[in-house]
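Report on the following structure.
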Amino acid sequence: MSKIQHDISQALDCIKSGDTVLVGGFGLIGAPLTLIEGLTERDVTDLTIVSNNLGESGKGLGILLNQNKIKKGIGSYFTSNRDVGDKYQNGEIELELLPQGTLAESLRAGGAGLGGYYTTTGVGTDLAIGKEEREIDGIPYILEKAIRADVALIRAHKADTLGNLVYYKTARNFNPLMATAAKIVIVEVDEIVEAGELDPEEVVTPFIYIDTIVKAQQVLTKEGVVAV
Amino acid sequence: MTVQLSKSEMQHGIAKRVALELAGPCIVNLGIGIPTLVAEYMTEDNIYLHTENGLLGVTDVADEAIDPNLVNAGKLPVGEAVGASFFNSSDSFAMIRGGHVDVAILGALQVDETGVIANWAVPGKNIMGVGGAMDLLVGAKKVFVTMSHTSKDGSSKLLKECTYPITSTRQVDMIFTELAVFKVNAGQLELVDLMPGATIEEVREKTEAAFTE
Chain A
58 MSKIQHDISQ
68 ALDCIKSGDT
78 VLVGGFGLIG
88 APLTLIEGLT
98 ERDVTDLTIV
108 SNNLGESGKG
118 LGILLNQNKI
128 KKGIGSYFTS
138 NRDVGDKYQN
148 GEIELELLPQ
158 GTLAESLRAG
168 GAGLGGYYTT
178 TGVGTDLAIG
188 KEEREIDGIP
198 YILEKAIRAD
208 VALIRAHKAD
218 TLGNLVYYKT
228 ARNFNPLMAT
238 AAKIVIVEVD
248 EIVEAGELDP
258 EEVVTPFIYI
268 DTIVKAQQVL
278 TKEGVVAV
Chain B
574 MTVQLSKSEM
584 QHGIAKRVAL
594 ELAGPCIVNL
604 GIGIPTLVAE
614 YMTEDNIYLH
624 TENGLLGVTD
634 VADEAIDPNL
644 VNAGKLPVGE
654 AVGASFFNSS
664 DSFAMIRGGH
674 VDVAILGALQ
684 VDETGVIANW
694 AVPGKNIMGV
704 GGAMDLLVGA
714 KKVFVTMSHT
724 SKDGSSKLLK
734 ECTYPITSTR
744 QVDMIFTELA
754 VFKVNAGQLE
764 LVDLMPGATI
774 EEVREKTEAA
784 FTE
């Protein structure tokens with residue numbers, strides 16, 4: 058059965074209220090803008106969103122935030138969207154802040170079948186409160202748990218029909234990690250090519266991780282987000 | 574200071590001074606704000622810039638060549654150097670935590686007299702972002718801090734103890750302000766340079782932390 062889905066809403070049918078959803082991107086760069094917009098039109102609430110940021114004010118995940126569809130955000134830098142602070146202040150959203158490297162590594166661990174890992178990042182700070190501390194070879198570490206989710210929404214530059222992916226410049230960021238850490242993975246791409254057209258040496262995400270491929274209808278340009 | 578500098582002149586002055594401390598070959602990660610300006614003053618060829626959103630080999634970019642999908646950690650457009658590479662966020666932070674980045678240059682809100690910094694949260698305000706600061710502090714071989722010497726109300730940002738939440742228990746290596754440059758030696762601040770126009774009296778008056786001269 059083909060992984061290519063032309064109907065965005067149909068592709069997102071797997072997301073239910075209360076689900077945990079990974080969303081790729083560093084701000085809007087490398088964010089699956091088409092899938093996010095599709096999600097704003099779906100009747101789902103109480104989502105836990107794992108993403109470095111929650112978009113920008115009124116853009117990307119910021120739209121979903123303003124629709125009150127997000128129950129909890131897990132990320133490293135919510136400062137980029139001032140609406141997050143207002144929602145948090147009013148008790149409308151829960152937030153879990155992780156160091157950026159910890160967010161990335163927890164996703165990697167989740168995708169690799171690990172329960173967690175010990176890291177030096179955050180030791181002795183407020184972000185270590187409640188986390189197990191352990192000394193290994195004389196160095197203090199804290200335990201960070203892996204992150205796994207119901208669905209991942211990611212963006213790549215090109216997919217072949219099997220779902221092998223290549224990325225574009227700094228739009229790669231969290232996307233290859235999120236591709237590994239969810240039960241269902243949906244990717245949006247600029248271009249879909251036939252299997253065999255990507256050099257096996259250049260494939261960054263092998264097709265084993267990918268369930269559904271959609272073509273991007275919203276892209277980030279110098280002039281902002283535009284429909285294509 | 575006898576000559577009153579604009580904020581921009583002050584920031585560029587600090588960035589220019591930091592650049593003098595960078596000798597190649599080395600890999601440098603630049604934080605947001607004054608650290609980003611350091612790139613303008615680096616003169617050595619074999620300094621490569623790492624940005625945690627997934628690029629080793631950052632350069633500046635001409636306006637006509639701006640690519641919205643090629644940015645630094647401050648989401649500002651950048652270019653790619655000869656020999657550049659792209660990687661995912663996990664690999665990027667493995668480079669940082671794993672001790673492969675030589676120097677991290679960070680901004681700070683406060684520094685204590687042992688060289689511990691606070692730069693991610695202010696008590697009483699929403700704690701909204703930490704980014705890569707904690708990872709850089711535990712992993713970079715050297716950490717340089719740039720900041721204004723005093724807060725808007727004139728109070729010292731070099732304190733006996735940080736009153737804001739610390740970013741790491743790790744002590745930084747050097748601190749650069751518009752008035753002075755300090756080195757951290759065995760958990761003590763040592764004044765190593767006065768900035769142009771600054772006097773030792775002014776530095777003493779505006780520094781709460783103990784330091785050796």
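Top line first, the protein sequences correspond to chains A and B. Under our numbering, the letters of the first sequence match residues 58 to 285, in that order. Under our numbering, the letters of the second sequence match residues 574 to 786, in that order. Just so you know, even glycine gets a beta-carbon here, dropped at the ideal spot from N, CA and C.
- Taken atom to atom, the span from the alpha-carbon of Asp70/A to that of Arg99/A is near 8 Å.
- The beta carbons of Leu764/B and Glu786/B sit closer together than 8 Å.
- Arg212/A places its beta carbon 8 Å or farther from that of Ala239/A.
- DSSP places Ser658/B in the uninterrupted beta strand (DSSP E) bounded by Gly652 to Phe659.
- Cβ contact annotation for Ile72/A (same chain, cutoff 6 Å, sequence separation greater than five): Val101 and Val208, in chain order.
- Proximity of Ile204/A to chain B, defined by a Cβ-Cβ separation below 8 Å, is not satisfied.
- For Glu775/B, the closest alpha carbon among the candidates Gly727/B, His623/B and Glu734/B is that of Gly727/B.
- Taken in chain order, the complete beta strand (DSSP E) segments of 3 or more residues contained in the stretch 147-192 of chain A are 151-154 and 173-176.
- At a cut-off of 8 Å between beta carbons, Leu643/B contacts chain A.
- Two segments are said to touch when three or more pairs of C-beta atoms, one from each, lie closer than 8 Å; by this definition the stretch 226-238 of chain A touches the stretch 72-82 of chain A.
- Between Leu622/B and chain A, the shortest Cβ-Cβ separation is not below 8 Å.
- Taking a C-beta distance under 8 Å as the contact criterion, Ile131/A and Leu118/A do not qualify as a contact pair.
- In chain order, Leu90, Thr91, Glu94, Val282 and Ala284 place their CB closer than 7 Å to the CB of Gln275/A, counting only its own chain and leaving out the 5 sequence neighbours on each side.
- Taking 8 Å as the threshold, the shortest C-beta distance from Ile700/B to chain A falls below it.
- For secondary structure counted as the alpha helix (DSSP H) over 4 or more consecutive residues, the stretch 77-135 of chain A holds these complete runs in sequence order: 90-97 and 118-123.
- When C-beta distances to chain B are compared with 8 Å, the residues of the stretch 138-167 of chain A below that value are Val141, Gly142, Tyr145, Gln146, Leu152, Leu154, Leu155, Pro156, Gln157, Gly158, Thr159, Leu160, Ala161, Glu162, Leu164 and Arg165, in chain order.
- The C-beta distance from Gly652/B to Ala638/B rounds to 7 Å, short enough to meet the 8 Å contact threshold.
- Within the model, the alpha-carbon separation for Ala677/B versus Leu122/A is close to 34 Å.
- Proximity to Gln577/B across Thr742/B, Glu751/B and Pro598/B peaks at Glu751/B, based on C-alpha coordinates.
- In the DSSP annotation of this structure, the continuous segment of the alpha helix (DSSP H) that includes Leu710/B starts and ends at Ala706 to Gly712.
- Of the candidates Thr278/A, Thr269/A and Lys279/A, the residue whose Cα lies closest to the Cα of Ser66/A is Thr269/A.
- What Tyr225/A touches in chain B, judged by beta-carbon distance under 8 Å, is Asn642, going in chain order.
- Secondary structure of Asn626/B (DSSP, three-state): coil.
- Contact residues of the stretch 210-237 of chain A toward chain B are Tyr224, Tyr225, Lys226, Thr227, Ala228, Arg229, Asn230, Phe231, Asn232, Pro233 and Leu234 (C-beta to C-beta distance below 8 Å).
- With contacts defined by Cβ atoms closer than 8 Å, Met583/B and Ser721/B form a contacting pair.
- Under the Cβ criterion (8 Å, minimum of three pairs), the stretch 666-682 of chain B counts as touching the stretch 699-712 of chain B.
- Setting aside the 5 residues that flank it on each side, Phe749/B is surrounded in the same chain by Ile587, Arg590, Val591 and Thr719, each with a C-beta closer than 6 Å to its C-beta; the list follows chain order.
- In this structure, the straight-line span from the alpha carbon of Phe659/B to that of Ser133/A is close to 21 Å.
- Counting along the chain, the unbroken beta strand (DSSP E) around Asn758/B starts and ends at Ala753 to Asn758.
- Listed along chain A, the residues sitting closer than 8 Å to Gly705/B by beta-carbon distance are Ser133, Pro156, Gln157 and Gly158.
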